[in-house]
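Count along the sequence shown starting at 1, add 29, and that's the number in the working numbering. C-beta: ideal position from N, C-alpha, C; glycine also. Owing to the predicted nature of the structure, the values given are computational and were not obtained by experimental measurement.
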Amino acid sequence: MSAIVSLQDLTDQLEQLEAEAAVAIAAASGAAELEELRVGLLGKKGRVSGVLGAMGKLPGAERPLVGQRANLLKELVQTLLAQRLESVKTAAMAQRLEQERLDVTVPCRYVPPGHRHPLISTIEEIVDIFAGLGYRVSEGPEIETDHYNFTALNIPPHHPARDMQDTFYLAPGADGGERLLRTHTSPVQIRHLEQNPPPVRIVAPGRVFRRDAVDATHSPVFHQVEVLALDEGLDFSHLRGTVTTFLQRFFGDLPVRFRASYFPFTEPSAEVDVQWRGRWLEVMGCGMVDPAVLEGLGLDPQRWSGFAAGLGVERFCMVRHGIDDIRRLYTSDLRFLEQF
Ligand code: DAH
Numbered sequence: 030m031s032a033i034v035s036l037q038d039l040t041d042q043l044e045q046l047e048a049e050a051a052v053a054i055a056a057a058s059g060a061a062e063l064e065e066l067r068v069g070l071l072g073k074k075g076r077v078s079g080v081l082g083a084m085g086k087l088p089g090a091e092r093p094l095v096g097q098r099a100n101l102l103k104e105l106v107q108t109l110l111a112q113r114l115e116s117v118k119t120a121a122m123a124q125r126l127e128q129e130r131l132d133v134t135v136p137c138r139y140v141p142p143g144h145r146h147p148l149i150s151t152i153e154e155i156v157d158i159f160a161g162l163g164y165r166v167s168e169g170p171e172i173e174t175d176h177y178n179f180t181a182l183n184i185p186p187h188h189p190a191r192d193m194q195d196t197f198y199l200a201p202g203a204d205g206g207e208r209l210l211r212t213h214t215s216p217v218q219i220r221h222l223e224q225n226p227p228p229v230r231i232v233a234p235g236r237v238f239r240r241d242a243v244d245a246t247h248s249p250v251f252h253q254v255e256v257l258a259l260d261e262g263l264d265f266s267h268l269r270g271t272v273t274t275f276l277q278r279f280f281g282d283l284p285v286r287f288r289a290s291y292f293p294f295t296e297p298s299a300e301v302d303v304q305w306r307g308r309w310l311e312v313m314g315c316g317m318v319d320p321a322v323l324e325g326l327g328l329d330p331q332r333w334s335g336f337a338a339g340l341g342v343e344r345f346c347m348v349r350h351g352i353d354d355i356r357r358l359y360t361s362d363l364r365f366l367e368q369f
């Protein structure tokens, strides 16, 4: 017993199929999905074929009507599939372009490798020269007590030498003691000798602080290197030889001269000049360690003698590189720094 099939039934089914196909194609989001729909609708075992299979049960005269309707459906489905495929591809391309965008007008993002700041390399060079002469590095705190910064260096309270160095004082420490930012690296001499019996040979690089207004040659924070040698039998000729050797290694083979000067912690004391491009430039202070300093440390000045020296790193760096303004060393302007 075969089911009764009417022309109307088959036409309705084709119409229904067409409506469903249009909705499904519009919702498809990729080429693979569209191909699946095509096979499901128009393939040999597809739904259109299914409808056409029932056509044989119609009277002969009605069959071409169903055939024509089916052909219209096929054409429409093919057109819709092609259009949808096109728009799916366009959308996929647009998304790729958005995601893979490469802006060739973006400025160069090359980050150059870092390098040493000229002040740091100056300190390293100075320390290296002294290391080659048998000195080792010692360091002390930037926050100091009045004792180490002044008194132990033979600068008693109310001594006029304290006015030579305008000091930043801090609130007293927990023990009520006066605290300050060290005005020079000389306190490292005292701290080192307290912990290390002579003979000693040290260099002490570090930051120091003074209440100076900023200008082309002054900064409230700057760097010094302190030198100390204490042994048996050292005299002024050792000081002279060491300082001259050091300066000629740093600046080259230039004339060096010593001028008598005064520092409370050395006796005798001298200031040292180098002749740089025809002009005498003062570059450091030095002297024989004052016996009063040694006595304060419990060391016998009859047995131990030595020399000390102190220099400003900024000065050395500026002279060596022809830098006209100390502020350039602190303002981190890459156009300046990249030259070193
Ligand atoms: N401490 C001195 C200053 O700031 C520099 C100095 C001079 C250090 C003579 C010394 C020295 O060790 O012997 O300005």
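Within 8 Å, strictly: CB atoms of residue i and residue j
| i | j | result |
| --- | --- | --- |
| F197 | L182 | no |
| E255 | R332 | no |
| V301 | V318 | no |
| A337 | Q218 | yes |
| F365 | T151 | no |
| V191 | P201 | Checking the displayed sequence, the identity of residue 191 turns out to be Arg instead of Val. No, the Cβ-Cβ distance between R191 and P201 is not below 8 Å. |
| G314 | S298 | yes |
| V342 | L310 | no |
| F275 | E154 | no |
| H247 | I172 | no |
| L199 | L358 | no |
| T214 | F238 | no |
| L66 | A57 | yes |
| A242 | D353 | no |
| L15 | L87 | Residue 15 is absent from the model: the chain starts at 30 and stops at 369. |
| V229 | L268 | no |
| Q253 | L162 | no |
| T40 | V117 | no |
| R98 | L63 | no |
| L43 | L126 | no |
| V303 | L326 | no |
Secondary structure of residue i, DSSP reduced to three states
| i | result |
| --- | --- |
| H350 | helix |
| I231 | strand |
| R98 | helix |
| S215 | coil |
| R165 | strand |
| G143 | coil |
| S298 | strand |
| V135 | coil |
| E127 | helix |
| S78 | helix |
| G339 | strand |
| A50 | helix |
| V256 | strand |
| G89 | coil |
| Y177 | helix |
| I172 | strand |
| R286 | strand |
| Q112 | helix |
| S35 | coil |
Residue i burial status per 10 Å Cβ neighbour count (16 or more: buried)
| i | result |
| --- | --- |
| Y394 | Not covered by the structure: residue 394. The range shown for the chain is 30 to 369. |
| V272 | buried |
| A233 | buried |
| P226 | exposed |
| M30 | Because the pLDDT of M30 is 38, which lies under 50, any placement of that residue in the model is unreliable, and the question is left without a value. |
| P189 | exposed |
| I33 | exposed |
| E324 | exposed |
| N100 | exposed |
| V15 | As displayed, the chain neither begins before 30 nor continues past 369, which places residue 15 out of reach and without an answer. |
| P216 | buried |
| V379 | Residue 379 lies beyond the residue range present for the chain, which begins at 30 and ends at 369; the question has no answer from this structure. |
| H187 | exposed |
| G169 | buried |
| A50 | buried |
Inter-residue Cα distance where the pair is residue i and residue j
| i | j | result |
| --- | --- | --- |
| E223 | L263 | 20 Å |
| R240 | V133 | 52 Å |
| H146 | F369 | 7 Å |
| A121 | S78 | 33 Å |
| I231 | G307 | 32 Å |
| L109 | I54 | 7 Å |
| P330 | G206 | 29 Å |
| N178 | E296 | 18 Å |
| G89 | G75 | 23 Å |
| F287 | E367 | 36 Å |
| G235 | T174 | 16 Å |
| L363 | I158 | 28 Å |
| G249 | G270 | The amino acid occupying residue 249 in the given sequence is Pro; Gly does not appear at that position. Answer to the nearest angstrom: the Cα atoms are 32 Å apart. |
| S266 | D204 | 43 Å |
| H221 | H144 | 32 Å |
| T180 | V166 | 24 Å |
Distance cut-off 7 Å: residue i Cβ against heavy atoms of the ligand MN
| i | result |
| --- | --- |
| C137 | The ligand MN is not part of this structure, which contains only the ligand DAH. |
CB contact below 8 Å: residue i versus chain C
| i | result |
| --- | --- |
| A50 | The displayed structure is made up of one protein chain only, and chain C is not part of it. |
- Item | Stretch-stretch touch, CB-based, cutoff 8 Å, three pairs: the region 275-293 with the region 312-329 | Between the region 275-293 and the region 312-329 there are three or more C-beta pairs closer than 8 Å, enough to call the two in contact.
- Message: With three or more C-beta pairs closer than 8 Å as the rule, is the region 73-87 touching the region 137-150?
- Response: Counting Cβ pairs under 8 Å, fewer than three are found: no touch.
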